[in-house]
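> Heads up: the sequence shown runs through residues -25 to -1, 1 to 170, numbered per mature numbering (1 follows the signal peptide of the UniProt record, and there is no 0).
Virtual Cβ for every residue (Gly too), placed ideally from N, Cα, C.
Keep in mind the model is a prediction, meaning the values are calculated, not measured.
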Amino acid sequence: MLKRVATVVAGTMLLLIAAGGTATATTTTPPTKGEQSLTGAPTAPPPRTFGPQSTANRIVQGLGDPHDDLNDESTLCNGCSFANGNYAGFWQAILWADGYLSASQVDCEFGPITARATANWQRDRQLDDDGVVGKDTRSVAQNFLYESGDPNYNLFYDGFPNRLYLYREAAAHYWIYWNNNWRMLRYTDKNIVGC
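Here it is in structure tokens:
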């Protein structure tokens, strides 16, 4: 994000100088968020119906401060055991929120396109740009998870340019709001709308 803003500011200054103007220091208003979410904020919380968690189909979860919720989640990569499913779709939605994938590329399949987008996301955050969503990558991403205080979504990922709406139950299970639908973030379910 910083790289993108710096490029715009530098380009504006060069344009002023080239046009014979003078470059003066001014306060720039940060750009407004894009669509905030693919479909806007949810108007109701998720249905809160789910089956038991199993080792074969884990659920993204967390308690307390959301800034540590992703620490114990599994590694994601092209060809990893959880490369297909809602967990991969959740990571793709984070990449969408930060402008690295389009909404149509959120397909719940962590393939070469997602790996490249992940590497670009990592590079822009001074991480090892290996395209693998390991602990360091998840640690940086979770710093943008915030509690909302809204009863319809109690968490959100504050991406740039978009916001991703989430819900974390009292039982710690995560839900994602995508295309006007709530879906529980079970690792191997593949039912996020568009997947």
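Taking only runs that begin and end inside the segment 20 to 107, name each unbroken alpha helix (DSSP H) of 4 or more residues, in chain order.
Here the runs fully enclosed are 61 to 72 and 87 to 98.
> Tell me which same chain residues have a C-beta within less than 6 Å of the C-beta of G109, skipping the five on either side of it?
Here the set comprises T50.
> So who's on the other strand from I167, going by DSSP bridges?
Per DSSP, none; premise fails for I167.
> Looking at the unbroken alpha helix (DSSP H) that takes in R113, where does it start and where does it end?
Taken as a continuous stretch (DSSP letters only), the alpha helix (DSSP H) holding R113 covers K110 to Q117.
> Look at the Cβ atom of G37, then the Cβ atom of R143, and state whether they are nearer than 8 Å.
Yes. Within cutoff.
> When the Cα atoms are used, what is the spatial distance from V35 to Q117?
C-alpha separation (whole angstroms): 12 Å.
> Per the contact definition of three or more C-beta pairs closer than 8 Å, is the segment 52 to 67 in contact with the segment 119 to 130?
Flag = no, the segment 119 to 130 and the segment 52 to 67 do not touch.
> Tell whether a beta-carbon distance below 8 Å holds between Y152 and Y132.
For Y152 and Y132, no; Cβs fall outside 8 Å.
> Measuring straight from C-alpha to C-alpha, what distance separates F57 and C83?
Cα to Cα, the separation comes out at about 10 Å.
> Measuring alpha carbon to alpha carbon, tell me which residue in L70, T89, T18 and L102 is nearest G59.
The question names Gly, but residue 59 in the sequence shown is Asn. Taking only the C-alpha atoms, the option nearest N59 is T89.
> Note the first and the last residue of the continuous beta strand (DSSP E) segment covering Y149.
Here the beta strand (DSSP E) through Y149 covers Y149 to W153.
> With a 10 Å radius around its C-beta and 16 neighbouring C-beta atoms as the bar for buried, classify Q97 as buried or exposed.
Q97 should be labelled buried.
> With burial defined as no fewer than 16 other Cβ atoms inside 10 Å of the residue's Cβ, what is the status of N166: buried or exposed?
So N166 ends up on the exposed side.
> Is D73 closer than 8 Å to F135 when the C-beta atoms are compared?
Contact flag set, yes.
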